[in-house]
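First residue of the sequence shown: 21, per the numbering used here; consecutive thereafter.
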Amino acid sequence: MPRKTLPLYALSVFEVAARHQSFTHAANELFITQGAVSKQIAQLEDSLGYPLFHRYARSLRLTAQGSLLLGYVQRGFKVISQGVDAAASLAAPLCIKAPSCVVRWLLPVLQQFSREAPEWPVQLAGVHEHAVSFAREDVDLAIVYKPQKAIAGNETLLLVEQLTPVIAPQLLAKTGQPLQQVADLQHYPLLHPSHDRRDWRQWLASRGAATLEYRGGTVFDTLDQAMNAALQGYGVTLGDVSLLRQELAEGLLLAPYGPPWSSGYAYALALRPDEKRPGVLALHAFLLDQMRAVPMPDSMADERGQ
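Below you can see the structure in the form of structure tokens.
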């Protein structure tokens with residue numbers, strides 16, 4: 021029988037009636053009358069040219085043809101259902117979770133992906149937390165922040181965190197104090213990206229200035245908040261040179277202390293270990309390609325390539 025003439029609705033009625041071995045029970049499941057079920061089956065048998073049921077006074081039994089056809093019909097409707105679900109998944113937004121400080125780099129990249137692959141809309145969740153649990157969270161991809169040595173098998177290194185003090189030029193001009201030696205920091209308010217102030221403590225130790233007082237100043241919940249405050253001229257913060265690449269290039273922030281310090285932490289792109297969906301894999305590959313295309317200092321490029 022040509023595909024365009026297949027009586028799909030009648031076949032679906034047949035599948036229900038065959039499962040129940042009853043037109044009455046089939047009618048109850050389909051919310052139609054018993055007479056409508058009987059009519060659909062009769063029309064289907066007429067179209068096929070062979071009987072599907074043996075009809076008895078109080079029961080039904082599949083004919084040999086009906087029993088054989090039932091298996092094919094059930095497999096066929098299962099495949100159709102899978103196809104409908106797969107097609108629907110293409111319309112659902114791909115959800116990516118990322119720390120808020122990465123959003124300044126990630127947002128234009130996602131906009132470019134949307135222009136090149138409009139069939140896969142993307143939803144971005146900017147959060148303060150740095151880890152992901154795919155078993156508990158309804159996200160497709162995640163950018164995680166962790167020690168570089170702890171990056172897992174389903175995670176790909178994006179960038180190594182490299183920190184250096186940054187300051188808005190207007191604050192430097194307003195204060196009128198040089199910012200060349202580490203000791204010069206005492207003339208400026210310090211901004212802390214974390215409550216434990218570990219970033220400044222560790223950076224000062226790396227510069228041999230562990231005794232310099234650093235505990236004063238404003239404390240923030242995230243690196244992103246501290247970098248935004250520095251941009252507005254509220255103080256000096258340790259900022260990530262990759263996340264602030266545009267601001268440094270445009271002179272919105274200055275980095276007066278030379279080569280950045282590697283904290284040992286990194287940002288990685290996490291993917292479900294068994295992920296096979298085309299849209300998620302396409303976004304994953306696009307993000308990695310975009311990051312690899314970003315020029316960076318030689319020291320940083322060497323670490324990312326390891």
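The beta-carbon is built from N, C-alpha and C at its ideal position, and this holds for glycine as well.
From the options, pick the residue whose C-alpha is nearest to that of residue i; which is it?
{"i": "L178", "options": "L291, R78, S79", "result": "L291"}
{"i": "D204", "options": "T242, I187, Y92, L114", "result": "I187"}
{"i": "V122", "options": "S283, A250, L264", "result": "L264"}
{"i": "E295", "options": "F154, L308, G255, L199", "result": "F154"}
{"i": "Y10", "options": "H207, G253, A250", "result": "Nothing about residue 10 can be read from this structure; the chain reaches only from 21 to 326."}
{"i": "I407", "options": "V33, H40, E149, L28", "result": "The chain is shown from 21 up to 326; residue 407 falls before or after that span and cannot be answered."}
{"i": "H150", "options": "A162, A77, Q85", "result": "A162"}
{"i": "G253", "options": "R95, V142, T195", "result": "T195"}
How many angstroms separate the CA atom of residue i from the CA atom of residue j?
{"i": "F306", "j": "Q168", "result": "22 Å"}
{"i": "G237", "j": "H212", "result": "7 Å"}
{"i": "H304", "j": "G228", "result": "41 Å"}
{"i": "L130", "j": "F240", "result": "27 Å"}
{"i": "V159", "j": "L82", "result": "47 Å"}
{"i": "A46", "j": "Q102", "result": "23 Å"}
{"i": "M316", "j": "Q190", "result": "Only weak support exists for where M316 lies, its pLDDT of 47 falling under 50; the coordinates are left without a value."}
{"i": "N174", "j": "V164", "result": "11 Å"}
{"i": "S226", "j": "V104", "result": "58 Å"}
{"i": "Q310", "j": "E136", "result": "13 Å"}
{"i": "Q182", "j": "A250", "result": "17 Å"}
{"i": "G325", "j": "P185", "result": "For G325, the predicted structure reports a pLDDT of 39, less than 50, and the residue's modelled location is therefore unreliable. A value from the coordinates is still provided. Near 25 Å, if we compare the C-alpha coordinates of P185 and G325."}
{"i": "T44", "j": "Y92", "result": "23 Å"}
Here's the rule: buried if 16 or more other CB atoms are within 10 angstroms of the residue's CB, otherwise exposed. What is residue i?
{"i": "P138", "result": "exposed"}
{"i": "G299", "result": "buried"}
{"i": "D260", "result": "buried"}
{"i": "S262", "result": "buried"}
{"i": "D66", "result": "exposed"}
In the DSSP output, which residue or residues are listed as bridge partners for residue i?
{"i": "Y285", "result": "P167"}
{"i": "E175", "result": "A290"}
{"i": "L211", "result": "T238, T257"}
{"i": "G146", "result": "A118"}
{"i": "A162", "result": "K117, A290"}
{"i": "T184", "result": "G259"}
In its own chain, which residues sit with a C-beta less than 6 Å from the C-beta of residue i, not counting the 5 before and 5 after it?
{"i": "E323", "result": "Summary for E323: the model assigns pLDDT 37, below 50, so the residue's position carries little reliability; its value from the coordinates is reported in the next sentence. Closer than 6 Å at the Cβ level, and outside the excluded window around E323, lie V180."}
{"i": "D244", "result": "S120, C121"}
Give every residue of the same chain whose Cβ lies closer than 7 Å to the Cβ of residue i, excluding the five residues on either side of it in the sequence, and list them in chain order.
{"i": "V36", "result": "A46, E49, L50"}
Excluding sequence positions up to five away, which residues of its chain have a Cβ less than 8 Å from the Cβ of residue i?
{"i": "L224", "result": "V202, A230, L232, Y234"}
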